[in-house]
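Enquirer: Mind looking over this structure? Questions follow.
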Amino acid sequence: MTAPLQLAPVEIPPDGWDVVVAGAGPAGAIAALHLARRGRRVLLADRAAFPREKVCGDGLIPDALRALERAGLLDEVRRAAHPVPRVTLCSPGRIEVSLEGQFLTIKRETLDAIVAGGAVAAGAVFARAEIAGIDAGEGGVQVRVTGRETALRARLALVATGADVALPRALGMVIRRQPTGVALRGYVRSTHRIEDLLVSFDRSVLPGYAWIFPMGGGEYNVGVGAFPAEGLARVNLHTIYDAFVREFPPARALLAAAEGPAVQSGAPLRCGLDGAHALGPAGIAGVGEVVGSTYDLTGEGIGKAMETGELAAEAADAALAHGRPTMLAAYARRIEHELRPRFRGYEWAAAWMAHPRVCELVFRRASRSPWLRSMAAGILAETVDPADVFNLRGLLGSYLR
Ligand SMILES: Cc1cc2nc3c(=O)[nH]c(=O)nc-3n(C[C@H](O)[C@H](O)[C@H](O)COP(=O)(O)OP(=O)(O)OC[C@H]3O[C@@H](n4cnc5c(N)ncnc54)[C@H](O)[C@@H]3O)c2cc1C
């Protein structure tokens, strides 16, 4: 068990910090955990009082499970989560393809508290503080905290503020101001039973997708995500949501047996690694959704946010060891060389699935080809690059295998 989250207001010492991490979502908390484990003095700051809600589908797929395992938190997360051994994908024409795998669902207020608690157990100081600005200077960074007169001094800072880009924008790091997509989720209690993670490319949501994720105990996370190429100005998520729960039979059945209306909330998503530069002014780097670490195809971002946190922690530790903040650049290089090639495949696949006819064809082939189904399971587990499947050769291959 990790130590309980230290939520009592802490008097934050103004200096002596190796790293200040702004934002305690999965990206920031995992970065703080790995830095603290390396003996670094870390302040993990979040403007929200933890445990806090985060609008999400609450689904963990294998990359997130692997990151949690590397952090030593997987057992604790498993104990608090609902296990789901299968995902069922549905096409616009309602062809169903089921894939076996290891998935968990867990509310973000629980998951994020466990991960931040893990950082505290590793030695990080967790504080409720809104980071208003960061100034890079000789010998370190000055971190301005809302409502506090004196700035904090640290050697490095990591910006992990999620889809809120006010801080990275002030630092000149933001590439893309608008989010890539928006999503809405509602919690529903129902006596109708759905056992699998259900992901639907229903006509009512394309280009985008919808989900029904069982949370355990008769509760479900039902959501829709929209990723229109022409921008988000005309998107009305409530209309899309209503159309989905009216037209998609499992959603209709779930809602018909629901105990009350869904409690809905929406939030933006930043995908495709084009959100912000990973490297900011001297000694500052961005991690997680700030840099667009969420995958296009799946909207899956928890695992990837944690991976960026790990990579940044490694580079920050080396930079601290050598007294050279410029060594943070190694992190930005790994984003480009290790993560970006993987993201391209997911972008490519998302572009295919945005077209109802192509999407339908892929499902028709997957329903008949064991090879294509195993590749799809591999894409979810990240053992297969979608770019190897979503091409003409992949499609033709599905007729033979
Ligand atoms: C509707 C929806 C459904 C989703 N479903 C899934 C899913 O099922 N599975 C999945 O893997 N991903 C999902 N995602 C994506 C996932 O939620 C994100 O990728 C993930 O939360 C990104 O983690 P992060 O640490 O970068 O940012 P966040 O989790 O957003 O954390 C950022 C933190 O920064 C804090 N903060 C912001 N500004 C400041 C500041 N100035 N000072 C201090 N603190 C600050 C915030 O309070 C917050 O706690 C979904 C997203 C949405 C919107």
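Mapping of the sequence shown onto the working numbering: position 167 corresponds to residue 387, and the numbering continues sequentially without gaps. Note that beta-carbon positions come from the ideal geometry of N, C-alpha and C, so glycine has one too.
Taking the straight line between their C-alpha atoms, what separation do you get for residue 621 and residue 506?
Expert: Their backbone Cα atoms lie some 43 Å apart in a straight line.
Enquirer: Note the first and the last residue of the continuous beta strand (DSSP E) segment covering residue 236.
Expert: From DSSP, residue 236 is part of no beta strand (DSSP E); its letter is neither H nor E.
Enquirer: Sorted by chain position, which residues of the same chain lie with C-beta nearer than 6 Å to residue 396's C-beta, five sequence neighbours on each side aside?
Expert: 494, 495
Enquirer: Residue 531 lies in the alpha helix (DSSP H); which residues open and close that run?
Expert: Following the DSSP letters along the chain, one finds residue 531 inside the alpha helix (DSSP H) bounded by residues 522-542.
Enquirer: Which residue spans inside the stretch 552-576 form an unbroken alpha helix (DSSP H) run of at least 4?
Expert: 560-573
Enquirer: Could you tell me if the beta carbon of residue 405 falls within a distance shorter than 6 Å of some heavy atom in ligand 1?
Expert: yes
Enquirer: Locate the alpha helix (DSSP H) running through residue 507, then write down its first and last residues.
Expert: Residue 507 -> no alpha helix (DSSP H), and no H or E assigned at all.
Enquirer: Considering only the alpha carbon of each residue, which of 366, 373, 278 lies closest to residue 235?
Expert: 373
Enquirer: Does the beta carbon of residue 455 fall short of 6 Å from some heavy atom of ligand 1?
Expert: no
Enquirer: Pick from 240, 425, 605: whose alpha carbon is nearest that of residue 560?
Expert: 605
Enquirer: Label residue 551 either buried or exposed according to how many other C-beta atoms from any shown protein chain fall within 10 Å of its C-beta, with 16 as the threshold for buried.
Expert: buried
Enquirer: Indicate, with yes or no, if ligand 1 has a heavy atom lying under 6 Å from the CB of residue 275.
Expert: yes
Enquirer: Check whether the Cβ atoms of residue 326 and residue 278 sit closer than 7 Å, and answer yes or no.
Expert: yes
Enquirer: Just tell me which of 460, 503, 382 has its CA closest to the CA of residue 489.
Expert: 382
Enquirer: Put residue 595 into one of helix, strand or coil per three-state DSSP.
Expert: helix
Enquirer: Do the CB positions of residue 302 and residue 436 come within less than 7 Å of each other?
Expert: yes
Enquirer: Could you tell me which of 571, 311, 242, 596 sits nearest to residue 448, measuring between CA atoms?
Expert: 571
Enquirer: With a threshold of 16 other CB atoms inside 10 Å of the CB of residue 340, please say whether the residue is buried or exposed.
Expert: buried
Enquirer: Which of helix, strand or coil does DSSP assign to residue 614?
Expert: helix
Enquirer: Which term fits residue 616, buried or exposed, when burial requires 16 or more other beta carbons within 10 angstroms of its beta carbon?
Expert: Classification of residue 616: exposed, given that the 10 Å Cβ count is below 16.
Enquirer: How many angstroms separate the CA atom of residue 578 from the CA atom of residue 394?
Expert: Going by the C-alpha atoms only, they are around 33 Å apart.
Enquirer: With a CB to CB cut of under 8 Å and the five nearest residues on each side skipped, what residues in its chain are close to residue 414?
Expert: 432, 434, 440, 470, 474
Enquirer: Between which two residues does the beta strand (DSSP E) holding residue 469 run?
Expert: Segment 469-476 is the alpha helix (DSSP H) holding residue 469; no beta strand (DSSP E) there.
Enquirer: To the nearest angstrom, how far is the alpha carbon of residue 609 from that of residue 568?
Expert: Each residue's Cα considered, the two are about 10 Å apart.
Enquirer: Nearest-angstrom Cα distance between residue 322 and residue 336?
Expert: 23 Å
Enquirer: Output needed for residue 497: all residues of its chain with C-beta closer than 6 Å, excluding positions within five of it in sequence on either side, in chain order.
Expert: 393
Enquirer: So, at 7 Å on beta carbons, what are the nonlocal neighbours of residue 250 in its own chain, with the 5 sequence-adjacent residues on each side left out?
Expert: 287, 291, 335, 526, 529, 530
Enquirer: Could you check the C-alpha separation between residue 263 and residue 344 for me, to the nearest Å?
Expert: 6 Å
Enquirer: Output yes or no for whether 7 Å exceeds the beta carbon distance between residue 532 and residue 378.
Expert: In this structure, residue 378 lies closer than 7 Å to residue 532 by Cβ.
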